[in-house]
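Undergrad: Residue numbers (this note's numbering): 6 to 124. Can you keep this structure in mind? I'll have questions shortly.
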Amino acid sequence: ADTTLDHQFIHIDEAAAAQTPFGGTIAHGFLTLSLMTKLCSENGVYPEGIVMGVNYGLDKVRFLNPVRAGKRVRAQTEIMSVDRKDANRFLVKQAVTVEIEGEDTPAVYAEWLGMSIIG
Numbered sequence: 006a007d008t009t010l011d012h013q014f015i016h017i018d019e020a021a022a023a024q025t026p027f028g029g030t031i032a033h034g035f036l037t038l039s040l041m042t043k044l045c046s047e048n049g050v051y052p053e054g055i056v057m058g059v060n061y062g063l064d065k066v067r068f069l070n071p072v073r074a075g076k077r078v079r080a081q082t083e084i085m086s087v088d089r090k091d092a093n094r095f096l097v098k099q100a101v102t103v104e105i106e107g108e109d110t111p112a113v114y115a116e117w118l119g120m121s122i123i124g
C-alpha cells in the first residue's frame with residue numbers, strides 16, 4: 006500500500022477484506038502490472054545485439070482477476086509484431102498474460118510496447 010499510496014482496506018485490512026467478494030486482501034492491480042518488467046525479462050525475445058530496451062507504453066490493459074495475498078504470479082508472452090523504425094530501433098509489441106498460481110483466470114492481460122535499441 007505504501008508503494009502505490011493506495012491504502013484502501015482491500016489491500017491492508019485482512020478482517021474487512023475477508024467480508025468482500027475477494028475473501029481476503031489483494032495486491033494492487035498496478036503493482037501486479039509493474040511486475041511485468043521482471044517477469045517478461047525472464048522469457049522475452051530480443052533482437053540480436055540489443056544494448057537497451059525502453060518502455061514505449063501499453064495498447065491495452067485488463068485486470069481480469071485479483072491477486073490474493075500470498076499468491077505467486079508468472080508471465081506468458083507472445084510476440085505480436087516487430088516493426089523496424091530505423092537502423093538501430095525496433096518497436097516490439099507483445100501480448101502479456103500474468104497468470105496466478107493455481108487459478109484458471111489470469112490476473113492481467115496487456116499489450117505491451119517496447120523499443121529495442123541495438124548497437
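No residue lacks a Cβ here, since even glycine has one placed at the ideal position from N, Cα and C.
For H33 versus H12, is the C-beta spacing smaller than 8 Å?
TA: Contact flag unset, no.
Undergrad: Since V113 and R67 are thought to touch, with beta carbons under 8 Å apart, how far apart are those beta carbons, to the nearest angstrom?
TA: Their Cβ separation, rounded to whole angstroms, is 7 Å, which keeps V113 and R67 in contact under 8 Å.
Undergrad: Can you list, in chain order, the residues of its chain with a C-beta nearer than 6 Å to that of R77? Leave out the 5 residues immediately preceding and following it.
TA: If we look at R77 and ignore the five residues flanking it on each side, its Cβ neighbours are E106.
Undergrad: So is I31 buried or exposed if we call it buried at 16+ other beta carbons inside 10 Å?
TA: Its Cβ being crowded by 16 or more others within 10 Å, I31 is buried.
Undergrad: Between which two residues does the alpha helix (DSSP H) holding L44 run?
TA: Start and end: M41 to S46.
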